[in-house]
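Chemist: Residues 0 to 369 (numbering that gives the first Met the number 0) are what the sequence shown spells out, left to right. Supplied in structure tokens, the structure appears directly below.
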Amino acid sequence: MSGNNASKKKSMYKKTRAIIISATAGAAVLSLCACGKYKGGKDVTVGAAYNYEEGGYITLGDYKGLDINVEVTDDDVAAEVETILETEETYEQKLGQPVDGDSVNIDYTAYVDGQAIEDYSDKDDILTVGEEDYYAEFDSALLLMTTGETKNVDISFPADYDDELVAGKTVNFELKLNYICGNALPAQLTDEFVTSYSEGECTSAAEFNEYIRNSLYQDNVDGIAETAWQTAIENVAVKDYHRGEVETAFEEEKNNYKNISEVIGTTYDDILEQFDMTEDDVEEIAEEVALERMTAKTIAAKENLVMDDESYRNLLTEFMQDDDTDLSSMSFEEIEESYRETYSGEPKEGMFVEYVKKYVSDNANVTGMK
């Protein structure tokens with residue numbers, strides 16, 4: 000993966016629900032457990048029902064018959080268009096040769112053994128020269144380039160790089176300097192802009208509102224399960240978090256960041272500082288994960304839900320396919336191991352939450368469908 004800017008990296012970490020803690024893991028766990036919000040032992044029931052209501056940890060609110068409306072209003076469309084125009088700003092296009100500190104618009108295409116690699120290629124990306132937003136070699140090349148020029152840049156990836164596609168190989172990047180960024184300009188709702196924004200799905204500014212309406216509607220439909228689940232979580236009253244659930248989640252999140260830090264060559268503390276995080280933030284994320292699991296297990300206990308082997312296999316296979324994992328040559332045991340490597344947790348635990356989430360979604364009252 001190319002070294003994207005901080006916001007893109009943060010998005011990747013958020014997607015995997017990873018968090019960061021200091022290198023002194025033992026001290027962090029002691030701090031975590033001394034807050035007075037946790038009770039119970041360290042053992043947890045993995046991938047099966049357990050009634051945390053009976054133990055006095057939580058009280059479930061409504062989780063069946065939840066009202067979910069997927070309709071998109073004119074106000075929703077207007078707000079989305081306004082947000083797009085505010086965030087998709089453009090720049091005055093300056094010509095010449097960049098210097099350190101200049102933001103530049105670039106295209107780059109990666110080649111391994113003469114084959115283009117889509118995951119390592121992009122167009123119209125903005126980087127700041129000298130800040131190593133991507134690769135140091137990019138900065139060195141750009142300082143010698145003039146707008147409109149293309150150069151080939153070779154970058155060697157270490158043998159232990161966390162992507163076998165490029166690990167131990169020299170990747171040739173075809174790097175083009177499109178322009179040096181001048182003053183930021185607000186985006187204009189033109190045919191050219193909407194065509195670029197929608198990647199050709201919409202080519203007319205006059206049709207953009209309808210495109211956005213359909214896009215928001217599809218997002219709402221695709222998000223029914225997540226919306227229902229988050230509503231069920233919000234309806235839970237928490238008295239105490241189970242110590243074992245929180246510690247398990249905490250350790251998983253720590254390992255997520257440990258793996259990521261090894262790939263990008265930094266430390267836990269550096270990432271924590273970069274994201275302006277403290278251990279209080281780490282603790283809050285662990286609590287959120289623990290609460291999801293406690294809620295799912297309690298709902299399953301009250302509704303007598305059991306995730307059988309077939310359901311587990313189907314859920315995990317679908318989940319990893321949606322995560323763009325190539326399963327074509329993998330055994331189910333290898334799929335399980337891939338989940339552990341990616342999410343630093345037990346797949347049965349993760350899929351049990353998905354299993355109960357589907358139950359909540361299937362029992363929701365959905366309106367506004369076309």
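All C-beta atoms, glycine included, are put in the ideal place defined by N, C-alpha and C.
If you draw a straight line from the alpha carbon of residue 133 to that of residue 302, how long is it in whole angstroms?
Modeler: As a position in the sequence shown, residue 133 is number 134, starting the count at 1. As a position in the sequence shown, residue 302 is number 303, starting the count at 1. Distance between the alpha carbons of residue 133 and residue 302: 50 Å.
Chemist: Hey, residue 354 and residue 314 are a contact pair by Cβ (cut 8 Å); roughly how many whole angstroms apart?
Modeler: Position 355 of the sequence shown, counted from the start, is the residue given in the question as residue 354. Position 315 of the sequence shown, counted from the start, is the residue given in the question as residue 314. In this structure, residue 354 and residue 314 form a Cβ contact; the two beta carbons are roughly 6 Å apart against a cut-off of 8 Å.
Chemist: In whole angstroms, give me the CA-to-CA distance for residue 41 and residue 156.
Modeler: Here residue 41 refers to the residue found at position 42 of the sequence shown. Here residue 156 refers to the residue found at position 157 of the sequence shown. Rounded to whole angstroms, the separation of the alpha carbons of residue 156 and residue 41 is 41 Å.
Chemist: Quick check on the DSSP output: what are the complete beta strand (DSSP E) runs of length 3 or more inside the region 92-133, in order along the chain?
Modeler: 102-111, 114-127
Chemist: Enumerate in chain order the residues of its own chain whose CB-to-CB distance from residue 296 is below 6 Å, with the five nearest sequence positions on each side excluded.
Modeler: In the sequence shown, the residue the question calls residue 296 occupies position 297. Taken in chain order, the residues that qualify are 48, 49.
Chemist: Please state whether DSSP places residue 172 in a helix, a strand or coil.
Modeler: Residue numbering aside, residue 172 sits at position 173 when the sequence shown is read from its first letter. Note: residue 172 maps to strand in three-state DSSP.
Chemist: Please state whether DSSP places residue 347 in a helix, a strand or coil.
Modeler: Within the sequence shown, numbered from 1, the residue matching residue 347 stands at position 348. Helix at residue 347.
Chemist: Please report the residue range of the beta strand (DSSP E) in which residue 149 lies.
Modeler: Along the sequence shown, one-based indexing puts residue 149 at 150. If you look at residue 149, you'll find it in the beta strand (DSSP E) that goes 149-155.
Chemist: Taking the alpha carbon of residue 215 as the reference point, which residue from 101, 60, 261, 83 has its own alpha carbon closest?
Modeler: Residue 215 sits at position 216 when you count from the first residue of the sequence shown. Comparing Cα-Cα distances from residue 215 to each of 101, 60, 261, 83, the minimum goes to 83.
Chemist: Contact defined as beta carbons within less than 8 Å: I believe residue 171 pairs with residue 153. What is the distance between those atoms, to the nearest angstrom?
Modeler: In the sequence shown, the residue the question calls residue 171 occupies position 172. In the sequence shown, the residue the question calls residue 153 occupies position 154. 6 Å between Cβ atoms; contact.
Chemist: Three-state secondary structure (DSSP) at residue 66?
Modeler: Taking the sequence shown and counting its residues from 1, one reaches residue 66 at position 67. Three-state result, residue 66: strand.
Chemist: Specify whether the region 346-362 and the region 207-224 touch according to this definition: at least 3 beta carbon pairs, one from each stretch, less than 8 Å apart.
Modeler: yes
Chemist: Starting from residue 383 and walking both ways along the alpha helix (DSSP H), at which residues does that stretch end?
Modeler: What is shown of the chain runs 0 to 369, which leaves residue 383 out entirely.
Chemist: Should residue 208 and residue 71 be called a contact, given that it needs their Cβ atoms to be closer than 8 Å?
Modeler: Position 209 of the sequence shown, counted from the first residue, corresponds to residue 208. Position 72 of the sequence shown, counted from the first residue, corresponds to residue 71. With respect to the 8 Å criterion, residue 208 and residue 71 are not classified as neighbours on the basis of their beta carbons.
Chemist: Give me the DSSP bridge partner(s) of residue 237.
Modeler: Along the sequence shown, read from residue 1 onward, the residue named residue 237 stands at position 238. Looking at the DSSP assignment, residue 237 forms a beta bridge with 57.
Chemist: Quick one: grab the DSSP three-state call for residue 167.
Modeler: As a working mapping, residue 167 is identified with position 168 in the sequence shown. In this structure, residue 167 counts as coil in the three-state DSSP scheme.
Chemist: Helix, strand or coil: how does DSSP classify residue 189 here?
Modeler: Translated into positions along the sequence shown, residue 189 becomes position 190. DSSP places residue 189 in coil when its eight states are reduced to three.
Chemist: Tell me the rounded alpha-carbon separation between residue 200 and residue 191.
Modeler: The residue given as residue 200 occupies position 201 in the sequence shown. The residue given as residue 191 occupies position 192 in the sequence shown. Cα-Cα distance, rounded: 12 Å.
Chemist: If you measure between the beta carbons of residue 178 and residue 59, is that distance less than 8 Å?
Modeler: Position 179 of the sequence shown, counted from the first residue, corresponds to residue 178. Position 60 of the sequence shown, counted from the first residue, corresponds to residue 59. For residue 178 and residue 59, no; Cβs fall outside 8 Å.
Chemist: Does the pairing of the region 91-109 with the region 117-134 give three or more beta-carbon distances under 8 Å?
Modeler: yes
Chemist: Note down the Cα distance separating residue 364 from residue 195, rounded to an integer number of angstroms.
Modeler: Taking the first residue of the sequence shown as 1, we reach residue 364 at position 365. Taking the first residue of the sequence shown as 1, we reach residue 195 at position 196. Cα-Cα distance, rounded: 37 Å.
Chemist: Residues in its own chain within less than 8 Å of residue 320 by CB, not counting five upstream and five downstream?
Modeler: Sequence index remark: in the sequence shown, residue 320 carries index 321 (1-based). Result list for residue 320: 326, in chain order.
Chemist: In angstroms with no decimal places, state the Cα-to-Cα distance between residue 366 and residue 167.
Modeler: Within the sequence shown, residue 366 is the residue found at index 367, counting from 1. Within the sequence shown, residue 167 is the residue found at index 168, counting from 1. Roughly 53 Å between the two C-alpha positions.
Chemist: If you run the structure through DSSP and keep just helix, strand and coil, what is residue 31?
Modeler: The count along the sequence shown starts at 1 and reaches residue 31 at position 32. Caution applies to residue 31, whose pLDDT of 41 falls short of 50 and renders its modelled position unreliable; the value that the coordinates give is listed next. Looking at residue 31 - three-state DSSP - the assignment turns out to be helix.
Chemist: Using a Cβ-Cβ cut-off of 6 Å (strictly less than) and excluding sequence neighbours within five positions of residue 219, which residues of its own chain qualify?
Modeler: Locating residue 219 in the sequence shown gives position 220, counting from the first residue. Result list for residue 219: 69, in chain order.
Chemist: Quick test of your reading: residue 43 and residue 228, contact by CB under 8 Å. State the CB separation rounded to the nearest angstrom.
Modeler: Numbered from its first residue, the sequence shown carries residue 43 at position 44. Numbered from its first residue, the sequence shown carries residue 228 at position 229. The Cβ separation is near 20 Å, so there is no contact.
Chemist: By how many angstroms is the C-alpha of residue 285 removed from the C-alpha of residue 245?
Modeler: Your numbering for residue 245 matches position 246 in the sequence shown. Your numbering for residue 285 matches position 286 in the sequence shown. For residue 245 and residue 285, the distance between alpha carbons rounds to 6 Å.
Chemist: Going by alpha carbons, who is nearest to residue 91 out of 118, 329, 185, 275?
Modeler: Numbered from 1 along the sequence shown, position 92 holds the residue referred to as residue 91. The candidate whose alpha carbon is nearest that of residue 91 is 185.
Chemist: Is it buried or exposed, residue 241, if we count other Cβ atoms within 10 angstroms and call 16 or more buried?
Modeler: In the sequence shown, residue 241 corresponds to position 242, counting from 1. Sixteen is the threshold: when 16 or more other Cβ atoms of the shown chains lie within 10 Å of the Cβ of residue 241, as they do, the residue is buried.
Chemist: Closer than 7 Å by C-beta to residue 300: which residues in its own chain qualify, once you throw out the five before and the five after it? Chain order, please.
Modeler: Counted from its first residue, the sequence shown places residue 300 at position 301. Here the set comprises 48, 49, 50.
Chemist: For the region 200-264, which segments carrying the beta strand (DSSP E) assignment without a break, of at least 3 residues, lie completely within its bounds, in sequence order?
Modeler: none
Chemist: Between the Cα of residue 110 and those of 332, 328, 164, spot the shortest distance and give me the residue it belongs to.
Modeler: By one-based count along the sequence shown, residue 110 stands at place 111. Nearest in C-alpha terms to residue 110, of all of 332, 328, 164, is 164.
Chemist: According to DSSP, what are the bridge partners of residue 38?
Modeler: In the sequence shown, residue 38 corresponds to position 39, counting from 1. Answer is 241, bridged to residue 38.
Chemist: Helix, strand or coil for residue 25 per DSSP?
Modeler: Translated into the one-based positions of the sequence shown, residue 25 becomes position 26. Confidence at residue 25 is low in this model, with a pLDDT of 34, below 50, so its placement is unreliable and the value that follows should be read with caution. Helix at residue 25.
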